[in-house]
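One structure is given here, and the rest of the page talks about it.
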Amino acid sequence: MKHEEILHRCFRCGYCKLPSNYTDINCPAYQAFRFETYSPGGRMWLLRAWLNNEISNSRRFSEIMFSCATCGNCVEQCAFPNFKDLLLEAFAAGKEAFLDAGQVPAPVRDYLTKVQLHGNPYGKPGKKRPEWAADLDIPVYSDQDHLFFVDDVGAFDTRGQEIARSVAKMLQQAGISFGIGSGEEVSDGNDVHEMGETPLFEELAGKNIEAFNQKGVQKIITLSPHSLHAIKNYYPALGGNYQTAHYTQILAFSLGSLKFQSNGNNQRITFHDPCYLGRRNWDYQSPRMLLKALPDVHVLEMDRNQKNAFCCGGGGGNFFTDLLSAEADSPGRVRVREAAQTGAEILAVACPLCAGMLEDAVKVESLEGRLQVREITEIMAEYL
Amino acid sequence: MTEVIKRLKAIVGDRFVSAEPEERYLYSMDQGTMPPAEPDMVVMPGSTEEVSEIMRLANEYQVPVVPMGGGLVLSGLTRALKGGMILDMKRMNRITEVNPKSRYAVVEGGTSQGMLQAYLKKHHPELKHSMPDAPPIATLAGNVCIHGSGHLSVLGGFHSDMLTGMEVVLPTGEIVRTGSCSVSADWFGKAPLPDLSGLFMGWSGTTGIVTRLGIKLFPNYRHNDLLIFVTEDPRDMPDVIARLTSTQVAEDMTPWMTPKPEWARGFMHINIAYGAHSKEELTFKRNLLQISVKDYIDNKSGGFLPMPPPQKGRFMQLPSPDLARFADVRKGGGFEYVGAIMAIEHFPEAYQAGVRIAEKHDVSYSMGARIVGAGHAMMFFYAYAFNRADPEDMARAQHALEETNSAALDMGGIPWKAELPAQQKIIEKMAPETFALMNRIRHTLDPNHIMNPGNWERA
């Protein structure tokens, strides 16, 4: 297994379970299940035991592995600088080994099967991919400055489509030159990659790279931070080299083109950092710049923010596989309770997956009257 | 066991009981050198009442119970030596009270050191508690129960000395309180009552399960500083420590001796942490400390290490991840240490024994001590790193640890949170009447002998 040489070097000191201020548990799977086995150190030791034939693979073991939300808190907090950067790669390698052994949770298998068959986990034909923009005046990419790449959730999920439309309108408002795909593209493959399904990821990335290159794409704006991560960090090794940015980054650079007016609401807003924009790609400021540019808005921070942000639980494919459950200790529910404690009335998000996870959590926690989950450009639009 | 598991699930919920191979494997061992001992199940209670129900069930079926906090003891005390269940307490992590005037906090048995630190920082920045050198996920209850020490131990003694009261589930399931909280709504201290807390501290989880405890808090100074005194001669250390502690201004004093980095080899360093409400007070305290060891500076046998602020900040980080990093010295994820509680005057022989044993067994070592009280005792530690993937390297560390335990006992010290072989050595040296009393107490509390069996028993 790739990176097996680091497994025994984990001391299980537990720094990986916490944020740097130790406020609370910050590993989503450990938060949800609380057994040591679900912590990053637990996974390291279990994988080593498996490779040493001390334990067998099993349904539970595979759930332990695939419940990792790949949020990167363990990498951020691990006390061992000599191998911490390899933790998530080691977990992906472990998952790959489980896939090879045919031992994966049913929801993971179903997710991967759908992506393999249809190019997306919704089982929809690719030609339907651009339908989210049907009522908008957005050209198919030809010679515009940017391709606006919309992930599976933005393309096929009802709420994701709303967010995609809102972002697209704001990009237009900011005068950004962009076009969208015409349906030949497929899933960005990020979560497939994090699940360790390397051949499928390479197939998906290859299709996208071919589609991008045929159109002459050079600059890409992504709706999802997950797409940003894959295209920016994984595609170059497969021949796909693009200037890639998340939409909040493009809008932050275009703030001068947007004129905001006070709407008299004096809103209190707290922002949930998406893991794949924040910890995985080190941008904590672009979304905050957008919020702070709005007149009379009070941006409140949760105890766990920026590099210490607590994941919504949707990463690593969990948005689709739901291995982290919806119990009271699930990451999404914990996170919305934390957001409500700030006194904010709006929980701002910058990722369609976070939006889905946290909106569900607000409902289960019966916080609808106190806390609204809004995507950033939806908030910005109220100030134009 | 099937019936026990079914009933446990009815008590704590399906999600918090596991008899699966993965949990049984991982909870069979800790990070130290003790061999694995597998539990039949792992249970995570969420309340004192659930713990009580679990204990009644365990008695009914005579199933061993091993309480576990952070699981970071390193000496294998949370292994299920006779099978049964491990009670992972970390779901019980609520901070139920902070009394800022009487300066104590009341926390549940699974509350982590880091969580209390963060809570105080946010809600009571004028207060702090004594942090052990363990990682922040270590629990307060676990550390108090092993007579741990920490960064306020010169000020307040062992962490067990900082205990103000306990709520404990007895092995038979009764819920009892010790200290003022047994009489009053306030958790201010153990006096003036018979100190029943001692029934649960130092017993390695063989007498009950701590579900709540009160812990002393201390002023959190606005200005903090660190001095490092250095000398080459270990024979000077008892006097240097006595002089420094006589000033009564340090919060923490931790001597350390390590062969790496090269500049530190052969020297005794003493980190002296102190704080003050104002810069003037800080300067005054610094002067007191410096004057106390002036004779050593004048005769050039000792001095204070000049330190740039970033390095000083690293030394003052609480807790410091550098300690966990020692586990990677052999690129092997392991270290264990003998921490022997002993009188200060044994410092020179303790140091020399450590060097001799480390060289004999060819182990990577680090030595140090934490001064407890105004020089009333010290916890002298010998840490040995090992490569977990190399059985021979692990065996070397284990042999070094065993020899160190013997050496500590020979010089009048007592191994702290002793692993099984060290417990045997302590029992051999203990007054027989004392051990007999321990057994009588234990039998009274735990008639079915289900609490962490295998510990504190004559082999």
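One line per chain: the protein sequences are A and B, in this order.
The working numbering puts the first sequence at residues 3 to 386.
The working numbering puts the second sequence at residues 3 to 461.
Ideal Cβ positions, reconstructed from N, Cα and C, are used throughout, including at glycine.
Quick caveat: nothing in here was measured; it's all calculated off a predicted structure.
- Under the three-state reduction of DSSP, Thr249/B is assigned to coil, being neither helix nor strand.
- Straight across, the Cα-Cα distance linking Gln308/A with Arg398/B is about 44 Å.
- DSSP lists Thr224/A as the beta-bridge partner residues of His248/A.
- Following the DSSP letters along the chain, one finds Pro173/B in no alpha helix (DSSP H), marked with neither H nor E.
- Taking C-beta separations shorter than 8 Å and ignoring five residues to either side along the sequence, the partners of Ser155/B in its chain run Ser132, His161, Asp254, Arg372, Ile373, Val374, Gly375, following chain order.
- Excluding five sequence positions before and after Glu370/A, the CB atoms of its chain that fall closer than 8 Å to its own CB belong to Val364, given in chain order.
- Residues are counted here when their Cβ sits less than 9 Å from a Cβ of chain A; for the region 136-150 of chain B these are Ala136, Pro137, Pro138, Ile139, Ala140, given in chain order.
- In the three-state scheme derived from DSSP, where H, G and I count as helix and E and B as strand, Glu303/A is classed as coil.
- Residue environment: Phe231/B is assigned as buried (16 or more neighbouring CB atoms within 10 Å of its CB, all protein chains considered).
- For the region 18-48 of chain A, the set of residues with a beta-carbon nearer than 8 Å to any beta-carbon of chain B comprises Lys19, Leu20, Asn23, Tyr24, Thr25, Asp26, Phe35, Arg36, Phe37, Glu38, Thr39, Gly44, Trp47, Leu48, in chain order.
- At a Cβ-Cβ threshold of 8 Å, Ile178/A and Tyr143/A do not count as neighbours.
- Counting along the chain, Phe286/B sits inside no beta strand (DSSP E); it lies in the alpha helix (DSSP H) bounded by residues 281-294.
- Residues of chain B whose Cβ lies closer than 7 Å to the Cβ of Asn84/A are, in chain order, Asp330.
- Here Phe68/A is buried, its C-beta having at least 16 other C-beta atoms within 10 Å.
- Proximity of chain B to Arg11/A at the Cβ level (cut-off 7 Å) is accounted for by Asp330, Lys333, Gly334, Gly335, in chain order.
- Check the Cα spacing between Leu225/A and each of Asn23/A, Cys356/A, Arg281/A: the tightest is with Cys356/A.
- Going by beta carbons, Tyr63/B and Val108/B fall outside the 8 Å limit.
- Under DSSP, the beta-bridge partners assigned to Val351/A are Glu377/A.
- Given a length threshold of 4 residues, each whole run of the alpha helix (DSSP H) inside the region 23-100 of chain B is given here in chain order: 23-28, 50-63.
- In terms of beta-carbon proximity, Cys15/A lines the interface with chain B, with at least one pair separated by less than 8 Å.
- Using a CB distance cut-off of 8 Å, Arg62/A counts as an interface residue toward chain B.
- Three or more beta-carbon pairs separated by less than 8 Å are not found between the region 299-312 of chain B and the region 384-395 of chain B, which leaves the two stretches without contact.
- Taking 9 Å as the Cβ-Cβ cut-off, the region 320-332 of chain A approaches chain B at Ser327, Glu329, Asp331, given in chain order.
- Note: Phe151/A is bridge-paired with Thr224/A in the DSSP secondary-structure output.
- At the C-beta level, Glu52/B and Val14/B come within 8 Å of one another.
- Under a criterion of Cβ atoms nearer than 8 Å, the residues of chain A adjacent to Glu25/B are, in order, Phe37, Glu38, Thr39.
- Boundaries of the alpha helix (DSSP H) harbouring Asn320/A: 320-323, taken from the DSSP string.
- Excluding its 5 nearest sequence neighbours in each direction, Gly335/B has C-beta neighbours in its own chain below 7 Å: Ala329, Arg390, listed in chain order.
- Separation of Gly334/A and Leu257/A (C-alpha to C-alpha, rounded to the nearest whole angstrom) is 31 Å.
- For Ala81/A, the nearest beta carbon of chain B is closer than 8 Å to its own beta carbon.
- Per the Cβ contact rule, the region 20-32 of chain A is not in contact with the region 342-350 of chain B (fewer than 3 Cβ pairs under 8 Å).
- Listed along the chain, the chain A residues whose CB falls inside 8 Å of the CB of Met117/B are Tyr24, Thr25, Asp26.
- In this structure, DSSP gives Phe383/B an extended state, which the three-state scheme calls strand.
- Assignment of Gly15/B by DSSP, reduced to helix, strand and coil, places it in the coil class.
- The continuous alpha helix (DSSP H) containing Ala342/A extends over residues 333-343.
- The Cβ-Cβ distance between Glu196/A and Gly315/A does not fall below 8 Å.
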